[in-house]
Every structure is written in structure tokens, then in C-alpha cells.
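Throughout the sequence shown, residue numbering follows mature numbering (1 follows the signal peptide of the UniProt record, and there is no 0), covering -17 to -1, 1 to 115 in sequence. For each residue, glycine too, the CB sits at the ideal point set by N, CA and C. None of the values given here were measured: they were computed from a predicted structure. Quick notes on the structure that follows.
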Amino acid sequence: MKALFGIFLCFILTSCATNHFKTIEGNWQQDFLSYKTQNTIVPKTNDKTIIVISKSKKKIQIEFDFNDGYENDKTDSIVFNFPKLTFKKTNLDQSSNYYDLTYHVNCDCFLGEMQSFSGNILNIKLNRVSAR
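Here it is, written out as C-alpha cells:
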């Protein structure tokens, strides 16, 4: 019985200890690392884009603030099953980009791919700027 309790306690402690994820909420900045595929040449966007991730009644909300005087780009179809984050970003012109990211503890960042409305697939990184 003691052995079973010890195994259970060990399992609980190790499963909790390996999850060093602070919180998804906060401000993030997107870095374009490289093209996975490049079908169309598209001008580079503003590097100072802030991605605001918040929660409201246990629902995650993500907005892209390009600091350009226009409305923030909105997202939908958000699925966050730690460490995976997927969502669709709707641009102001109603075209969409699709994100498929994985959280990495060692850099406190999300790494993954963004499929652009142009058909390009980009390798990207979301770096935490500040936590909420």
C-alpha cells in the first residue's frame, strides 16, 4: 500500500513540476523566422505588432495591434490545449491567416507556422513582451 501511495505521490509531483508555463495571458511580439514555402512575394509587415492575449470567462481572446491607427485584427477558432495553440486571424480586408504554434518552456515562447492568406507558410516565433 505504501509503495502504491509513493508511486502516486511521485506521479503527482513530477507532473506538476514539469509544467513551467506561467500564463498565456499577456503581450507577445511576433518574429518571422523564415519561409517554409513562398508562393508569393509579400512585403514585410510592421515588426512592432503587439499580440494581446487575454481571458474572459475562461475564453481566450487574441488581438493583433499593429500600432497603425486602424482597428486591431481579431481572431477566432482559438484552441489552446497546452502546449498547442491554434487560431485563425482575420485581417482588416477579411482575408485570413492560420496559426499552428507550440509553447516552449526554455524560451517562454511559442514556435510554429503561420499560413498566410497569400499561400505562403512562414516559420514564426511569439516572444513574451509582458505578462498580465
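Do the CB positions of residue i and residue j come within less than 8 Å of each other?
i	j	result
N80	Q98	yes
Q13	I107	yes
F70	Y82	yes
S37	E8	yes
V78	F100	For the sequence presented, residue 78 should be read as Ser rather than Val. Yes.
L68	F93	yes
L84	I34	no
V112	N10	yes
On the criterion of 16 or more Cβ atoms from any shown chain inside 10 Å, does residue i qualify as buried, or is it exposed?
i	result
L16	exposed
F65	exposed
T58	buried
K42	exposed
I45	buried
K72	buried
Give the DSSP bridge partners of residue i, in chain order.
i	result
L109	Q13 and F93
List in chain order: all unbroken alpha helix (DSSP H) runs of 4+ residues lying wholly within the stretch 45 to 105.
-> none
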